[in-house]
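Heads up, the numbering used here is the position in the sequence shown plus 14, with the first residue counted as 1.
Everything on this sheet refers to the single structure shown next.
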Amino acid sequence: MINEILKNVGPEVISKITGQFGLSEEQASKAVDTTQESLTATATKEAAGGNIDGLLNMINQGSGAAGGSMFQKFAGNLASDYISKLGISEGIAQQISNFVLPLVLDKIMGQTGGNAGKGDLMKLIGGSAGDILKGKAGDMLGGLGNMFK
Numbered sequence: 015m016i017n018e019i020l021k022n023v024g025p026e027v028i029s030k031i032t033g034q035f036g037l038s039e040e041q042a043s044k045a046v047d048t049t050q051e052s053l054t055a056t057a058t059k060e061a062a063g064g065n066i067d068g069l070l071n072m073i074n075q076g077s078g079a080a081g082g083s084m085f086q087k088f089a090g091n092l093a094s095d096y097i098s099k100l101g102i103s104e105g106i107a108q109q110i111s112n113f114v115l116p117l118v119l120d121k122i123m124g125q126t127g128g129n130a131g132k133g134d135l136m137k138l139i140g141g142s143a144g145d146i147l148k149g150k151a152g153d154m155l156g157g158l159g160n161m162f163k
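So, in structure tokens, the structure goes:
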């Protein structure tokens, strides 16, 4: 789902990044790819750590999640990835992440109606993360089963 969203907003992102932040077309295009990789990696890591409710809360708030700790974690990771992969300054990287992340979250919220569930999260971050979520659910159920032995 992140891939589809970024394909749809890619031209807008590229235009804004080149116009407002002074990046080349090549850097802007690479920023779109970096965004997809970074958001997927951060979401997968959070899901693997069991923070599924935090992820869903952020997704369901869209750009309204901007002040939250989960949003800040995503924005920070995204800015770091922009710095390392695009060779841009921290200030510009933060500005770009603060533009791109709310845009992507609002698109996700629009697709899910602000009611994303675990199934939507699995679609959002892809198959490997879906396996992680299934594993977490199995671990929890297994743990509950052991309580009754």
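Positions of the beta carbon are idealized from the N, C-alpha and C atoms, including for glycine.
Predicted, not measured: the structure shown is a model, and the values here were computed from it.
Report the option in K44, F35 and T32 whose CA atom is closest to the CA atom of K21.
-> When C-alpha distances from K21 are compared across K44, F35 and T32, the shortest belongs to K44.
Within the region 21 to 105, note down every full alpha helix (DSSP H) run reaching 4 residues or more, in order along the chain.
-> Runs found: 39 to 62, 66 to 75 and 83 to 100.
Distance between S29 and L37 (C-alpha atoms, nearest Å) | Answer to the nearest angstrom: the Cα atoms are 10 Å apart.
Closer than 8 Å by C-beta to G131: which residues in its own chain qualify, once you throw out the five before and the five after it? Chain order, please.
-> Closer than 8 Å at the Cβ level, and outside the excluded window around G131, lie L70.
In chain order, what residues of the same chain lie with their CB nearer than 6 Å to the CB of G73, ignoring the 5 residues before and after it?
-> For the sequence presented, residue 73 should be read as Ile rather than Gly. If we look at I73 and ignore the five residues flanking it on each side, its Cβ neighbours are I122 and A130.
Near V23, which residues of its chain fall below 8 Å by C-beta distance, leaving aside the five closest residues on each side in sequence?
-> Counting only residues of its own chain and dropping the five nearest sequence neighbours on each side, V23 has a CB closer than 8 Å to the CB of L117, V118 and K121.
Do you know how far the Cα of T48 is from the Cα of K99?
-> Going by the C-alpha atoms only, they are around 7 Å apart.
Report all residues from its chain with a CB closer than 8 Å to the CB of A55; omit the five preceding and five following residues, and keep chain order.
-> The beta carbon of A55 sits closer than 8 Å to those of N91, all from its chain and outside the five residues before and after it, given in chain order.
Quick one: what does DSSP say M15 is sitting in, helix, strand or coil?
-> Correct three-state label for M15: coil.
With DSSP collapsed to three states, give me the class of A107.
-> Residue state, collapsed to three classes: helix.
Give the secondary structure of G140 by DSSP, where H, G and I count as helix, E and B as strand, and everything else as coil.
-> G140: coil per DSSP, three-state reduction.
Quick one: measure Cβ to Cβ for I110 and A57, integer angstroms, because I've assumed they're closer than 8 Å.
-> The Cβ separation is near 19 Å, so there is no contact.
Check the C-beta distance from L53 over to F88 and give it rounded, since I have them as a contact under 8 Å.
-> In this structure, L53 and F88 form a Cβ contact; the two beta carbons are roughly 7 Å apart against a cut-off of 8 Å.
Of the residues N112, L115, Q75 and A79, which one's Cα is nearest the Cα of G127?
-> If we check each option's Cα against that of G127, Q75 comes out closest.
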